[in-house]
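So the sequence shown is residues 19 to 315, counted in the numbering used here. Here's the structure we're looking at; comments come further down.
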Amino acid sequence: MTQEYEDASGSKAQFQDSQFLVFVNRILAFLMSGLYLLIQRQPQHKTPLYKYAFCSLSNIMSSWCQYEALKYVSFPSQVLAKASKIIPVMVMGKIVSHTTYEYYEYVTAILISIGMTLFMLDSSDHNKNNGATTLSGVILLGGYLLLDSFTSTWQNALFIDYGVTSVQMMCAVNMFSCLLTAMSLFQQSSFPLIFSFMTTYPRFIIDCLLISICSASGQLYIFYTISKFGSITFVIMMTIRQGLAILLSCLIYHHEITVVGVFGILLVFGSVFLRIYCNNRLRIIRRRRATANSIKH
Ligand SMILES: Nc1ncnc2c1ncn2[C@@H]1O[C@H](COP(=O)(O)OS(=O)(=O)O)[C@@H](OP(=O)(O)O)[C@H]1O
Numbered sequence: 019m020t021q022e023y024e025d026a027s028g029s030k031a032q033f034q035d036s037q038f039l040v041f042v043n044r045i046l047a048f049l050m051s052g053l054y055l056l057i058q059r060q061p062q063h064k065t066p067l068y069k070y071a072f073c074s075l076s077n078i079m080s081s082w083c084q085y086e087a088l089k090y091v092s093f094p095s096q097v098l099a100k101a102s103k104i105i106p107v108m109v110m111g112k113i114v115s116h117t118t119y120e121y122y123e124y125v126t127a128i129l130i131s132i133g134m135t136l137f138m139l140d141s142s143d144h145n146k147n148n149g150a151t152t153l154s155g156v157i158l159l160g161g162y163l164l165l166d167s168f169t170s171t172w173q174n175a176l177f178i179d180y181g182v183t184s185v186q187m188m189c190a191v192n193m194f195s196c197l198l199t200a201m202s203l204f205q206q207s208s209f210p211l212i213f214s215f216m217t218t219y220p221r222f223i224i225d226c227l228l229i230s231i232c233s234a235s236g237q238l239y240i241f242y243t244i245s246k247f248g249s250i251t252f253v254i255m256m257t258i259r260q261g262l263a264i265l266l267s268c269l270i271y272h273h274e275i276t277v278v279g280v281f282g283i284l285l286v287f288g289s290v291f292l293r294i295y296c297n298n299r300l301r302i303i304r305r306r307r308a309t310a311n312s313i314k315h
């Protein structure tokens, strides 16, 4: 969206249609998971198909909000929204699945968000810190957070309720995503324009292929993680993943990390370890209680 493509005569243009990018990402993911389902036998599928449409729509819309928000928000606002994703996911878990959380889960979620914000603001490229955040930007970012948290929470609920496998979920969600994005692109008559952009700037086709291969392979891990560990663990992993990407680029390009940045990283990892520790303690306490109760009876 931000880079310029050059044609044979040297004239330059940017690709503007974020919906098409979502479409190409989903189509390869659908084909990959569909092929896997054809080759590998799966347990019987019991989920009503329409239930996938909700998380498919929220996933497409969250990606669209995210791509669009980039045009209207300042870099610190993006960082703040991305770094605190865990909080809306917990709220959504309460609303959608009536999940109850322990105090330590709230505390560590807030600490992870603060730590990530400190680290990302401190270590990222400060040149990106330009432009103001407009109201449309705030609405788009809010939409992104809301829809993104709904997506993984809803998927988590489907995994639990229907015992669907991660590849079955990936195939069904992406089938809906392809249909929805294709309908929208048709309705706006975008395909002829996109086709002409592709023929004029062939390097764009390679970039589309690359982004969709990465996106589809990433999705295999995304669905597997949610099915095995749930939406909260997934969002923590996604958040830390961003931190690691920045840390790696700091190490590779020898960018300096200040004391604030180091404090941010320590806070994030400290909170994650605290969470794991409290989780294990709680599990041990519950097991002891269950054993004591069964002895009593
Ligand atoms: N729950 C769930 N199901 C399916 N796909 C999902 C899910 N959560 C994130 N994603 C896809 O992962 C890509 C990165 O998402 P995010 O940018 O929101 O993540 S992060 O903030 O960078 O951690 C992004 O892919 P693209 O839309 O292709 O860019 C998201 O759509």
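Even glycine gets a Cβ: it sits at the ideal position worked out from N, Cα and C.
Beta-bridge pairing by DSSP links K30 to E24. Between the alpha carbons of T199 and S76 lies a distance of about 12 Å. About 5 Å separates the Cβ atoms of F48 and C196, confirming a contact at the 8 Å cut-off.
A Cβ-Cβ distance of about 6 Å is found for the pair S170 and V107, placing them in contact under the 8 Å criterion. Taking every protein chain shown into account, the CB of R307 has fewer than 16 other CB atoms within 10 angstroms, so this residue is exposed. Distances between the C-beta of T169 and the heavy atoms of ligand 1 include at least one below 6 Å. Distances taken from the Cβ of N77 to the heavy atoms of ligand 1 include one shorter than 6 Å. Secondary structure at K100: helix, using DSSP grouped into helix, strand and coil. Contact check for L238 and M188: beta-carbon distance about 7 Å, within the 8 Å limit, so the pair qualifies. Not one heavy atom of ligand 1 is found less than 6 Å from the C-beta of D225.
Contact check for N174 against S249 passes: the beta carbons are separated by less than 7 Å. For K89, no alpha helix (DSSP H) run applies, since DSSP gives it neither H nor E. DSSP places L67 outside both helix and strand once states are collapsed to three, so it counts as coil. The residue from L164, T135 and I212 with its alpha-carbon nearest to that of F41 is I212. Annotation for I275: S141 and C268 place their beta carbon closer than 6 Å to its own, counting only its chain and skipping 5 residues before and after. With contacts defined by Cβ atoms closer than 7 Å, R221 and Y23 form a contacting pair. Rounded to whole angstroms, S184 and F137 show a C-alpha spacing of 33 Å.
In this structure, I104 sits near V253, with a CB-CB distance shorter than 7 Å. For P210, the uninterrupted alpha helix (DSSP H) run begins and ends at S208 to T218, by DSSP. With a cut-off of 8 Å on Cβ pairs, the segment 152-160 is not in contact with the segment 48-61, counting fewer than three such pairs. In this chain, R59 is not harboured by any alpha helix (DSSP H), its DSSP state being neither H nor E. Around the Cβ of R44, a 10 Å sphere holds 16 or more other Cβ atoms; the residue is buried. The Cβ atoms of K64 and Y242 lie no closer than 7 Å to each other.
By the neighbour-count criterion, in which 16 or more other beta carbons inside 10 Å mark a residue as buried, R293 falls on the buried side. Residues of the same chain with a CB within less than 6 Å of the CB of C296, apart from the 5 flanking positions on each side, are Y122 in chain order. The criterion of a C-beta distance shorter than 7 Å is not satisfied by Y90 and T135.
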